[in-house]
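Shown next, in structure tokens, is the structure this report addresses.
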Amino acid sequence: MALRSFKYRIYPNNRQEQSLFHVLNIARYWYNMYVAERKYAYELEGRSVSKNVQLRQVKKYKSTFPQAKTVHSHILQVVVSDADKAFQAFFRRVKNGETPGYPRFKGRHRYHSFDLKKYNNDFKLDNRRLNLTFIDRIRIRWHRPLENKIKTCRIIHKAGKWYVSFACEANVPTPLPATGRQIGIDVGVSKLIMTSDGHSEANPNFYRRSQCRLRRLQRKLARAERGSNNRRKVLRQVQRQHEHVKSQRRDFLDKLVYDLVQDFDFIAQEDLQILNMVRNRHLSKSILDSGWGYFKKRLLDKAADAGRAVVFVDPAYTSKTCSSCGARFETLTLADRWVRCTCGLSLDRDHNAAINILNRSLARTEPLELT
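Quick note: to get my numbering, add 1 to the position in the sequence shown (first position is 1).
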């Protein structure tokens, strides 16, 4: 069954917020306890502890831990599943030869959410408010309607704000009407995207534009006394500024993806190795500020719902090849923003690359049938 998440801001009062922090701290303690159990069982005894074994121990441990008696057992069971996912991801990275990244213990600034897995048992909606069985009715800002039946929800604390994310059964997507149009996209740093029809979208550079304010806040944070109320206040301002930049970038890319999916049946893009590219210290900040990874993921998700086709092609020599005659520009450098060919081609370097991307994608795919 496909699920879709819906995230909303919630507004607990002071008493409810204290209760939420209590549950969050117990969940963090539980997570660290189960990570430690697996770690020391293997190091000292050479044995592995499975997820099922730890799930059976939840009620036993809860009865011997007075602070956890007010926390629903389902929350603690999901914590066990979260710890198991961390270890499974670790084993997968070891198997694939990647940097392993052993599951780490979570400090109070590194654990931000807990999960409730049964509607009408752990939580429910009561007159448009979120009713948690262990707390009370919490006010929600409903900025969009929910879809279908709610399965689970996760309570999230981020930058001093509280959110709830509902996992609901997804509706069967309805394909959009065919437009008969195809497009190639070249992503970049100065221009976020350049399309094969000559349209470009400037890079808003949200992080770079906010660096002046971030610099002042981080300088103020560095001067504040550790453990003081003033330091906590400034830290919250830094967190909210980063959250604001993230929200700006996502909103911009969501709207850009929406327009592309609405207008084109077939979309071609470079298959860039972003993790390798950000190792370049001269370009890493600009690449990460552009949000290429989020753009790619969002485009795939929305295209699947709309019945659009998205193809990724090898990016090698897309900028250095003439889109008209196929000649190679051997002396072309990053400083050269305009290309000219003996065949008469003269256009923007990124526009030329976008045309090559579209041509490559059409050459490697079957004829597109639009319905």
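Note that CB positions come from ideal geometry on N, CA and C, so glycine has one too.
Asked, Found
"Compute the distance between the beta-carbons of Ile151 and Ser114, then report whether it is under 9 Å.", "no"
"Spatial neighbours of Ser324 within its chain, please: CB distance less than 6 Å, with the 5 preceding and 5 following residues excluded, ordered by chain position.", "Asn353, Ile356 and Asn357"
"Could you have a look at Val340 and say whether DSSP puts it in helix, strand or coil?", "strand"
"Assuming Arg5 contacts Glu148 (C-beta within less than 8 Å), just tell me the rounded distance between them.", "6 Å"
"Taking only the alpha-carbon atoms, compute the straight-line gap between Arg93 and Ser287 and give it to the nearest angstrom.", "30 Å"
"What is the rounded straight-line gap between the Cα of Arg251 and the Cα of Ile184?", "22 Å"
"My understanding is that Ala179 touches Asp266, with C-beta atoms under 8 Å, so please give their C-beta distance in whole angstroms.", "6 Å"
"Under 8 Å: do the segment 39-49 and the segment 64-72 share three or more Cβ pairs, one atom per stretch?", "no"
"Take Phe135 as the anchor and find which of Ser362, Asp290, Asn281 and Leu21 has the nearest alpha-carbon.", "Leu21"
"My assumption, with CB atoms under 8 Å, is that Ala269 sits in contact with Ser362. Please give the rounded CB distance.", "3 Å"
"From Gln89 to Gln58, what does the alpha carbon distance come to, in whole angstroms?", "20 Å"
"At which residues does the beta strand (DSSP E) containing Val279 begin and terminate?", "Run containing Val279: none; DSSP gives neither H nor E here."
"Let me know the secondary structure DSSP gives Val190 once reduced to three states.", "coil"
"According to the neighbour-count rule (16 or more other Cβ atoms, all chains shown, within 10 Å of its Cβ), is Asn204 buried or exposed?", "buried"
"When the distance is taken between beta carbons, is Ala3 closer than 9 Å to Ala225?", "no"
"DSSP three-state label for Ala203, please.", "strand"
"I'd like the list of long-range same chain contacts for Lys192, defined as Cβ closer than 8 Å, with 5 residues on each side in sequence excluded.", "Ser201, Glu202, Ala203, Asn204 and Asp351"
"Out of Asn15, Gln17 and Asn360, which one is the CA nearest neighbour of Ser197?", "Asn360"
"Does the pairing of the segment 334-345 with the segment 153-168 give three or more beta-carbon distances under 8 Å?", "no"
"Alpha carbon to alpha carbon, what distance is there between Arg140 and Asn14?", "9 Å"
"How far does the alpha helix (DSSP H) with His243 in it extend, from its first residue to its last?", "Asn230 to Asp264"
"Taking the alpha carbon of Tyr12 as the point to measure from, which residue in Val279, Trp143 and Asn122 has its own alpha carbon closest?", "Trp143"
"Between the alpha carbons of Lys52 and Trp31, how many angstroms are there, rounded?", "14 Å"
"Could you tell me whether the segment 72-91 touches the segment 99-119, using the rule of 3 or more Cβ pairs below 8 Å?", "yes"
"Mapping the DSSP letters down to three states, classify Ser166 as helix, strand or coil.", "strand"
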